[in-house]
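**Q** Using this note's numbering, the first residue of the sequence shown is number 299, and each one after it goes up by one.
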Amino acid sequence: MRFAAIADIHGNCAALQAVLEDIAGLGIRDIVNLGDCFSGPLEADRAGDLFLLLDMHAVQTVRGNHDRYLIETPADALASSDAHAHAQLAPRHLDWLRKLPFSTIYLDEIFLCHATPQDDNVYWLEQVSPAGHVFLKPLEEIEALADGIEQPLILCGHSHIPRAVQLSDGRLIVNPGSVGCPAYDDDKPFLHKVETGHAMASYAVLEKTPAGDWVPEFHNVPYDHMAMSRLAAENGRSDWAMALATGRV
């Protein structure tokens with residue numbers, strides 16, 4: 299059994315197309331999407347049409363926190379990245395978002411959510427110090443959030459950091475990284491930066507071995523990231539332009 303996991307596309311249609319081509323080149327047809335599909339100063343409308351096409355091919359998607367903002371927050375109250383995406387999205391895209399589940403189980407043995415099973419806006423595998431340092435969360439805290447989940451493979455996104463964590467009972471939690479946003483800063487829970495240090499699109503391939511173990515393989519895909527960086531700059535977002543150009547903020 300082999301499939302691909304993508305997450306945190308953030309309206310970066312060029313990155314999404316490159317990743318889908320890379321996945322197809324590996325002969326993989328099954329894909330799961332862990333959310334945050336549109337928010338950003340890029341091409342939410344083009345990404346939306348591509349997601350609708352993927353939905354026709356039974357790509358399983360769960361809703362991210364920014365996906366939720368787009369359907370629950372009044373347009374005039376949206377933050378800038380969400381507002382830019384909302385202005386581009388058609389009713390068909392928003393209707394698709396409304397149908398997405400918060401979490402789901404894929405192929406009977408894989409649990410999917412955007413951030414954690416309880417909250418779509420909390421890092422599962424990372425924590426942030428008051429000084430703004432982002433580091434691996436203690437195992438007991440990670441395991442506490444996985445309480446009640448029986449599936450041997452758990453997939454999450456949200457932090458944009460590719461990472462795999464083995465729980466003490468053998469379950470594996472994997473974050474495939476971000477397709478469309480390699481760096482950002484945030485002020486919750488404390489002001490901090492997340493930086494991959496490269497401008498490539500990230501995703502993961504998950505394969506089940508004959509022994510029944512799940513093994514992640516992390517992929518980085520080059521694409522015309524400078525075109526997206528220039529688009530972000532044209533749309534007044536120098537922070538995104540830097541992130542897309544360098545993987546740093």
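Here a beta-carbon is modelled for each residue, glycine too, at the ideal position from N, C-alpha and C. Since this is a predicted model, take the numbers as computed values, not measurements.
Which term fits PHE336, buried or exposed, when burial requires 16 or more other beta carbons within 10 angstroms of its beta carbon?
**A** Buried, because 16 or more other Cβ atoms sit within 10 Å of the Cβ of PHE336.
**Q** Check for me: the alpha helix (DSSP H) holding ILE321 runs from which residue to which?
**A** First-last of the alpha helix (DSSP H) with ILE321: 311-323.
**Q** Along the chain, where does the beta strand (DSSP E) that runs through TRP425 open and close?
**A** In the sequence under discussion, the amino acid at residue 425 is Gln, which differs from the Trp named in the question. Note, GLN425: beta strand (DSSP E), 424-426.
**Q** Which of helix, strand or coil does DSSP assign to TYR367?
**A** Residue state, collapsed to three classes: helix.
**Q** By Cβ distance, which residues of its chain are closer than 8 Å to ASN310, with the 5 residues on each side in sequence left out?
**A** So the list reads GLY338, LEU340, GLU341, ALA345, VAL477, GLY478, CYS479, ALA499, MET526 and LEU542, once near-sequence residues are dropped.
**Q** Quick check on the DSSP output: the beta strand (DSSP E) that includes HIS490 runs from which residue to which?
**A** Here the beta strand (DSSP E) through HIS490 covers 490-493.
**Q** Which first and last residues belong to the alpha helix (DSSP H) in which THR544 is found?
**A** Its alpha helix (DSSP H) spans residues 536-544.
**Q** Going along the chain, which unbroken runs of the alpha helix (DSSP H) with 4 or more residues stay wholly within the stretch 367-419?
**A** Listed in chain order, the complete alpha helix (DSSP H) runs (minimum 4 residues) inside the stretch 367-419 are 378-386 and 389-396.
**Q** If you draw a straight line from the C-alpha of LEU504 to the C-alpha of ALA462, how long is it?
**A** Approximately 11 Å, taken between the alpha carbons.
**Q** Keeping to the same chain, check which residues put their C-beta closer than 6 Å to that of GLN358; ignore five residues upstream and five downstream.
**A** If we look at GLN358 and ignore the five residues flanking it on each side, its Cβ neighbours are VAL330 and TYR404.
**Q** Since HIS308 contacts ASP347 with CB under 8 Å, what's their CB separation in whole angstroms?
**A** With a Cβ gap of about 16 Å, HIS308 and ASP347 do not count as contacting.
**Q** Among the residues of its own chain, which have a CB less than 6 Å from the CB of GLN464, if the five just before and after it don't count?
**A** Closer than 6 Å at Cβ, skipping near neighbours: LEU470.
**Q** Taking its Cβ as the centre, do 16 or more other Cβ atoms sit within 10 Å of ALA322, making it buried, or is it exposed?
**A** Exposed.
**Q** State the CB to CB distance for the pair HIS458 and ASP320, rounded to an integer number of angstroms; the pair is presumed to be in contact (CB under 8 Å).
**A** At roughly 18 Å, the Cβ-Cβ gap does not stay under 8 Å, so HIS458 and ASP320 are not in contact.
**Q** According to DSSP, simplified to helix, strand and coil, what is HIS431?
**A** The answer is coil: DSSP assigns HIS431 none of H, G, I, E or B.
**Q** Is it right to say THR507 is buried, meaning 16 or more other beta carbons lie within 10 angstroms of its own, or is it exposed?
**A** Its Cβ having fewer than 16 others within 10 Å, THR507 is exposed.
**Q** Which term fits PRO487, buried or exposed, when burial requires 16 or more other beta carbons within 10 angstroms of its beta carbon?
**A** By the neighbour-count rule (16 or more Cβ atoms within 10 Å), PRO487 is not buried but exposed.
**Q** Considering Cα atoms alone, identify which of LEU314, ALA312, PHE301 and ASP343 is closest to ARG327.
**A** Nearest C-alpha to ARG327: PHE301.
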